[in-house]
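Down below is the structure, laid out as structure tokens.
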Amino acid sequence: MTSAQRSTARETFPPNRPRSPPSCRARPCTGPLTEAETCPMWNALRQHHATTSDRPIADMLDADRARDFSVQTGDLLLDYSKTNIDAEARALLIDLLDRRGVAARREAMFSGAKINETEGRAVLHTALRNLDGGPVMVDGEDVIPQVRATLDRMAEFAEAVRSGAFKGQGGPIKDVVNIGIGGSDLGPAMAARALAPYHDGPRTHFVSNVDPADIATVLRGCDPATTLVIVASKTFTTIETMTNARTAKAWMGEAVADPAAQFVALSTDLEKTGAFGIHPDRVFGFEDWVGGRYSMWGPIGLSLMIAIGPDAFRAFLRGGQDMDRHFRAAEWHENMPALLALVGIWHNQVCGHATRAVLPYDQRLGRLPAYLQQLEMESNGKRVSMDGADLTCESGPIVWGEPGTNGQHAFYQLIHQGTRIVPCEFMIAAQGHEPDLHHQHQLLIANCLAQSEALMKGRSLDEARAIMAKKGLSGDELERQARHRVFPGNRPSVTLAYPQLTPHVLGQIVALYEHRVFVEGAVLGINSYDQWGVELGKELASSLQPVVEGRADATQKDGSTAALVGYLRTHGA
Ligand code: F6P
Numbered sequence: 164m165t166s167a168q169r170s171t172a173r174e175t176f177p178p179n180r181p182r183s184p185p186s187c188r189a190r191p192c193t194g195p196l197t198e199a200e201t202c203p204m205w206n207a208l209r210q211h212h213a214t215t216s217d218r219p220i221a222d223m224l225d226a227d228r229a230r231d232f233s234v235q236t237g238d239l240l241l242d243y244s245k246t247n248i249d250a251e252a253r254a255l256l257i258d259l260l261d262r263r264g265v266a267a268r269r270e271a272m273f274s275g276a277k278i279n280e281t282e283g284r285a286v287l288h289t290a291l292r293n294l295d296g297g298p299v300m301v302d303g304e305d306v307i308p309q310v311r312a313t314l315d316r317m318a319e320f321a322e323a324v325r326s327g328a329f330k331g332q333g334g335p336i337k338d339v340v341n342i343g344i345g346g347s348d349l350g351p352a353m354a355a356r357a358l359a360p361y362h363d364g365p366r367t368h369f370v371s372n373v374d375p376a377d378i379a380t381v382l383r384g385c386d387p388a389t390t391l392v393i394v395a396s397k398t399f400t401t402i403e404t405m406t407n408a409r410t411a412k413a414w415m416g417e418a419v420a421d422p423a424a425q426f427v428a429l430s431t432d433l434e435k436t437g438a439f440g441i442h443p444d445r446v447f448g449f450e451d452w453v454g455g456r457y458s459m460w461g462p463i464g465l466s467l468m469i470a471i472g473p474d475a476f477r478a479f480l481r482g483g484q485d486m487d488r489h490f491r492a493a494e495w496h497e498n499m500p501a502l503l504a505l506v507g508i509w510h511n512q513v514c515g516h517a518t519r520a521v522l523p524y525d526q527r528l529g530r531l532p533a534y535l536q537q538l539e540m541e542s543n544g545k546r547v548s549m550d551g552a553d554l555t556c557e558s559g560p561i562v563w564g565e566p567g568t569n570g571q572h573a574f575y576q577l578i579h580q581g582t583r584i585v586p587c588e589f590m591i592a593a594q595g596h597e598p599d600l601h602h603q604h605q606l607l608i609a610n611c612l613a614q615s616e617a618l619m620k621g622r623s624l625d626e627a628r629a630i631m632a633k634k635g636l637s638g639d640e641l642e643r644q645a646r647h648r649v650f651p652g653n654r655p656s657v658t659l660a661y662p663q664l665t666p667h668v669l670g671q672i673v674a675l676y677e678h679r680v681f682v683e684g685a686v687l688g689i690n691s692y693d694q695w696g697v698e699l700g701k702e703l704a705s706s707l708q709p710v711v712e713g714r715a716d717a718t719q720k721d722g723s724t725a726a727l728v729g730y731l732r733t734h735g736a
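Here the sequence shown is numbered in the working numbering, starting from 164 and rising by one per residue.
This is how it looks when you write it as structure tokens:
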């Protein structure tokens with residue numbers, strides 16, 4: 164066979180082989196089931212994938228498939244028809260949920276059981292958006308009255324800032340600076356950007372990095388006499404946040420008599436916020452059953468609430484609550500978070516696609532990929548299952564992305580023609596917030612839909628040859644040029660569509676992803692709610708600080724680290 168003959172679109176690229184599929188070697192996943200019970204279901208999925216992975220998705224897309232392989236709830240439509248999941252694969256995946264006891268674990272989460280077992284904590288971010296639901300008990304106490312009281316206090320304070328009733332020492336607040344990192348930054352920063360059209364409060368800024376460039380850039384544009392600083396830290400110990408908070412306090416202290424009076428704290432540790440000098444009236448507390456990356460629904464969302472107002476913030480919460488109700492009640496085959504999770508499991512654990520691209524065709528969701536990186540990778544990037552046994556499945560996927568259409572002009576080349584398959588998740592609104600530029604939004608929609616179509620259909624070598632022939636090429640040159648223009652196609656994607664990015668819609672989207680992460684973690688037997696993997700680097704940074712400052716000897720470090728310290732100190736560190 165000549166190389167040209169081998170190069171038809173779908174022959175050129177062999178079907179993706181699962182790199183490290185779940186196996187029966189040890190325990191495939193831990194949980195209530197024994198190995199004997201658990202293995203057959205992963206094996207059935209693997210076998211089904213092996214026999215169907217070559218089948219063109221485009222050929223599966225008959226008239227009914229878009230309806231049968233999509234799900235709607237609230238304002239959202241999730242289309243997963245452009246994947247090679249068929250009815251049998253879906254049934255096997257749903258079987259996985261039943262065998263893994265996901266429904267019982269879901270109920271345990273919603274009802275306040277301590278499912279974060281390594282930290283002995285409940286997982287109740289859903290309680291923060293429980294606007295009109297029933298009681299939720301933790302250690303015999305209903306937590307909902309306290310949640311609602313805190314929300315009311317936040318709303319009162321936010322209104323005071325917005326109206327000018329709460330003043331800085333130089334007049335009404337014009338700038339709000341949220342200092343936090345990870346979950347104390349990414350959620351509110353992502354949402355503040357997403358909901359910019361609803362922003363009618365003071366200017367809002369986010370400082371996260373300990374890199375002085377971050378805080379210096381933000382403070383340069385603010386007047387200390389009319390700035391409110393929000394120190395957002397669940398633990399109130401995170402070194403980046405506390406360092407930036409002290410820098411901000413010193414900056415403010417140079418201009419106003421009582422800098423602490425313009426500081427607010429959002430934390431679970433009220434002793435530490437007091438020690439920092441922040442009056443209890445301006446401390447908004449929450450409990451340890453709110454994980455950092457799940458915390459934007461409560462006090463950590465204060466900067467967002469000040470920006471968009473308490474009513475819009477409540478609409479955001481209501482969106483989350485609507486998704487909670489759907490997730491808790493819907494049958495698996497029409498349960499959007501569960502289906503999104505199963506699509507992810509299919510692509511990652513069954514097909515072996517290690518990464519997932521999140522591609523919002525919504526410029527204001529520019530920080531969503533970063534937010535989802537923490538949500539997904541800090542939650543499900545774990546190598547042992549709940550009971551400490553090695554995970555023999557792959558852990559959660561590598562998540563990355565950028566808004567379209569910018570990504571199209573950067574990395575889509577690899578997505579279309581690279582050797583690895585990257586399942587893509589497209590997001591698109593029917594309407595933007597710029598009615599005068601609706602035609603531009605329509606162009607955005609066309610681009611989004613074109614990408615998923617191109618990924619699925621590809622372009623065969625014969626089609627590429629025809630294009631080259633039309634351009635006047637022939638012979639070897641035609642053949643050579645045509646091969647560069649082949650798109651293998653058959654690359655999976657899902658599309659999440661919504662009417663418009665309102666606070667209510669954003670709430671539904673964020674809760675959708677949270678529950679998806681829950682389902683993935685429950686299937687893998689992972690504790691999605693701890694994050695021990697971030698600790699070692701933090702410890703080593705503390706021990707390296709005196710070395711970098713020249714107060715301790717670098718030779719105690721490994722040769723590479725010592726040499727790097729040496730270079731940096733020679734150059735002014
Ligand atoms: O280092 C990881 C982490 O603990 C995240 O889980 C958390 O969102 C972030 O740090 C910030 O923590 P804190 O809110 O306690 O400052």
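We treat Cβ as the ideally placed atom computed from N, Cα and C, and that holds for glycine.
- Buried versus exposed call for E565 [16 or more other C-beta atoms within 10 Å across all chains shown]: So E565 counts as buried.
- Quick one: give me the first and last residue of the beta strand (DSSP E) that V668 is part of. Counting along the chain, V668 falls outside any beta strand (DSSP E), though it belongs to the alpha helix (DSSP H) covering P666 to L687.
- Query: Ends of the beta strand (DSSP E) at Y524?
  - Reply: That run of the beta strand (DSSP E) goes T518 to Y524.
- Is it the case that the CB of F399 approaches a heavy atom of the ligand F6P more closely than 8 Å? At least one heavy atom of the ligand F6P sits closer than 8 Å to the Cβ of F399.
- Message: Under 8 Å, with one C-beta from each stretch per pair, do the stretch 320-335 and the stretch 467-476 reach the 3-pair mark?
- Response: By the criterion of at least three beta-carbon pairs nearer than 8 Å, the stretch 320-335 is in contact with the stretch 467-476.
- Boundaries (first-last residue) of the beta strand (DSSP E) holding M549: Segment: none, M549 is in no beta strand (DSSP E) and carries neither H nor E.
- Query: Does the Cβ-Cβ distance between Y692 and S542 come in under 9 Å?
  - Reply: Their beta carbons are under 9 Å apart, which means Y692 touches S542 by this criterion.
- Using only alpha-carbon positions, find the residue among T406, R356, G437 and L208 that is nearest to D374. Of all alpha-carbon atoms in T406, R356, G437 and L208, the one lying nearest the alpha-carbon of D374 is that of T406.
- Query: When the Cα atoms are used, what is the spatial distance from A478 to P709?
  - Reply: In a straight line, the C-alpha of A478 is about 48 Å away from that of P709.
- Would you identify the three-state DSSP class for F426, choosing helix, strand or coil? Look at F426 here: in three-state DSSP terms it is strand.
- Message: Alpha carbons only, please: which of P532, G364 and A411 is nearest the one belonging to T380?
- Response: If we check each option's Cα against that of T380, A411 comes out closest.
- How is Q603 classed by DSSP in three states: helix, strand or coil? If DSSP states are grouped into helix, strand and coil, Q603 belongs with the helices.
- Message: Assuming contact is defined by CB atoms lying nearer than 9 Å, are T389 and G333 in contact in what I supplied?
- Response: Yes, the Cβ-Cβ distance between T389 and G333 is below 9 Å.
- Hey, is A428 close to the ligand GTP, as in C-beta under 8 Å from one of its heavy atoms? Of the ligands this structure carries, namely the ligand F6P, none is the ligand GTP.
- Task: Quick one: using the 10 Å Cβ neighbour count with 16 as the cut-off for buried, is I584 buried or exposed?
- Result: Under a 10 Å Cβ-count criterion, I584 is classified as buried, with 16 or more other Cβ atoms of the shown protein chains found around its own Cβ.
- Item | Cα-Cα separation, R546 to D553 | Linking R546 to D553 through their CA atoms gives a straight-line distance of about 6 Å.
- Quick one: residues in its chain with C-beta nearer than 7 Å to the C-beta of Y361, no 5 flanking neighbours on either side, listed in chain order? Only I471, A475 and P666 meet the Cβ criterion.
- From G700 to N372, what distance separates their C-alpha atoms? Looking at the two C-alpha atoms, the distance is approximately 15 Å.
- In terms of residue numbering, what span does the beta strand (DSSP E) encompassing V562 cover? That run of the beta strand (DSSP E) goes I561 to G564.
- Message: Tell me the rounded alpha-carbon separation between F589 and T555.
- Response: Each residue's Cα considered, the two are about 30 Å apart.
- Item | Beta-bridge partners of T330, as assigned by DSSP | Inspection of the sequence shows that residue 330 is occupied by Lys rather than by Thr. Per the DSSP secondary-structure output, K330 pairs in a beta bridge with P335.
- Query: The beta strand (DSSP E) with M590 in it runs from where to where?
  - Reply: Per DSSP, M590 belongs to the beta strand (DSSP E) from C587 to A592.
- Query: Do K337 and P365 have their C-beta atoms within less than 9 Å of each other?
  - Reply: A contact, by the Cβ cut-off of 9 Å.
- Item | Backbone CA spacing between V680 and T658 [nearest angstrom] | Distance from the CA of V680 to the CA of T658, rounded to the nearest whole angstrom, comes to 18 Å.
- Message: By the three-class DSSP mapping on this structure, what secondary structure does Y243 have?
- Response: Shown here, Y243 sits in coil according to DSSP, grouped into three states, outside any helix or strand.
- Message: L675 and M415 - do their beta-carbons sit closer together than 9 Å?
- Response: 9 Å or more divides the Cβ of M415 from the Cβ of L675.
- Task: With hydrogens ignored, establish whether the beta-carbon of G559 is closer than 8 Å to any heavy atom of the ligand F6P.
- Result: Not so, every heavy atom of the ligand F6P lies at least 8 Å from the Cβ.
- For P335, I'd like the list of residues in its chain whose CB is within less than 6 Å of its CB, leaving aside the five on either flank, ordered along the chain. Closer than 6 Å at the Cβ level, and outside the excluded window around P335, lie G327.
- Query: Quick one: what does DSSP say C187 is sitting in, helix, strand or coil?
  - Reply: Only weak support exists for where C187 lies, its pLDDT of 37 falling under 50; the value from the coordinates is given anyway. Shown here, C187 sits in coil according to DSSP, grouped into three states, outside any helix or strand.
- Item | Assigned secondary structure, R366 (DSSP; H/G/I helix, E/B strand, else coil) | When DSSP states are grouped into helix, strand and coil, R366 belongs to the strand group.
- Message: What would DSSP say about T406, mapped onto helix, strand or coil?
- Response: The answer is helix: DSSP assigns T406 an H, G or I state.
- Message: Let me make sure I understand the geometry here. Which of R622, Q484 and V234 has the alpha-carbon closest to that of W495?
- Response: Comparing Cα-Cα distances from W495 to each of R622, Q484 and V234, the minimum goes to V234.
- Considering only the beta carbon of each residue, do L429 and I393 sit closer than 9 Å? Here L429 is near I393, since their CB atoms are less than 9 Å apart.
- Task: For I689, verify whether its CB is less than 8 Å away from any heavy atom of the ligand F6P.
- Result: Checking the Cβ of I689 against the ligand F6P gives no.
- Message: Quick check: what's the CA-CA separation for A704 versus R284?
- Response: Rounded to whole angstroms, A704 to R284 spans 27 Å at the Cα level.
- Item | Cα-Cα separation, L349 to R209 | Taken atom to atom, the span from the alpha-carbon of L349 to that of R209 is near 36 Å.
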